[in-house]
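Student: Have a look at this one.
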Amino acid sequence: MKIITHSPSETIKTAEKIGALLRAGDMIAYKGGLGAGKTTFTRGLAIGMGLGDSVTSPTFALVNEYRGDRITLYHFDMYRISSEEDLESTGFYDYPFEDNVAAVEWSENISDFLPEETIFVTINCVGENDREIIIEDGGRFAAAWD
Ligand code: ADP
Ligand code: MG
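In this note's numbering, the protein residues as written are 1 to 146.
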């Protein structure tokens, strides 16, 4: 599915609809460069999951956690990860992904280590405030667009 947004708030609204449909075990992997809107989209996911609107860039922390009553959102930034050793040193393999949701920026850097059912979200800058967002969800989120 592909949609165009014309402002950060439209991107957040779109992501909110997806966030409301996420469940334990989901892995969102972003593709798209600096300033595309990956962190903005994640803010919408967190709102849709009922986790509030406090999402900020995890660039320096590598991962930020937003805890819910049942499900936690792990928001990773893999910008600096370039090898399996790097990834291992982050503790990535020890996170309980089956019981929670993860959203990964710069997922290109860990493409070999993503699960088969990964939901890819590609964000392309097509104008100053325009973003093309492509969601490869295998039809799961069709209800969000009715
Ligand atoms: P990334 O995490 O991909 O580096 P951010 O979400 O941190 O990107 O930043 C996106 C930037 O683009 C923000 O400054 C935001 O205000 C701007 N922006 C402009 N239009 C949009 C849009 N339609 N959707 C998302 N962000 C947008
Ligand atoms: Mg970011």
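Glycine is no exception: its CB is placed at the ideal position from the N, C-alpha and C atoms. In this text, all values refer to a predicted model and were calculated from it rather than measured experimentally.
#1: Which term fits tryptophan 106, buried or exposed, when burial requires 16 or more other beta carbons within 10 angstroms of its beta carbon?
#2: Would the beta-carbon of alanine 46 fall within 7 Å of that of isoleucine 123?
#3: Could you give the DSSP three-state label for leucine 73: helix, strand or coil?
#4: Quick one: is arginine 67 buried, meaning 16 or more other Cβ sit within 10 Å of its Cβ, or exposed?
#5: Isoleucine 133 and threonine 5 look like a contact to me (Cβ under 8 Å); what is the Cβ gap, rounded to whole Å?
#6: Could you tell me the boundaries of the beta strand (DSSP E) in which phenylalanine 120 lies?
#7: Rounding to the nearest angstrom, what Cα-Cα distance links alanine 143 and proline 96 in this structure?
#8: Cutting at 7 Å between CB atoms, please list the residues of its own chain near aspartate 99, excluding the five before and the five after it.
Tutor: Per the coordinate set shown:
#1: buried
#2: no
#3: strand
#4: exposed
#5: So it is a contact: roughly 6 Å between Cβ atoms.
#6: 119-127 is the span of the beta strand (DSSP E), which, as asked, contains phenylalanine 120.
#7: 28 Å
#8: Ala24
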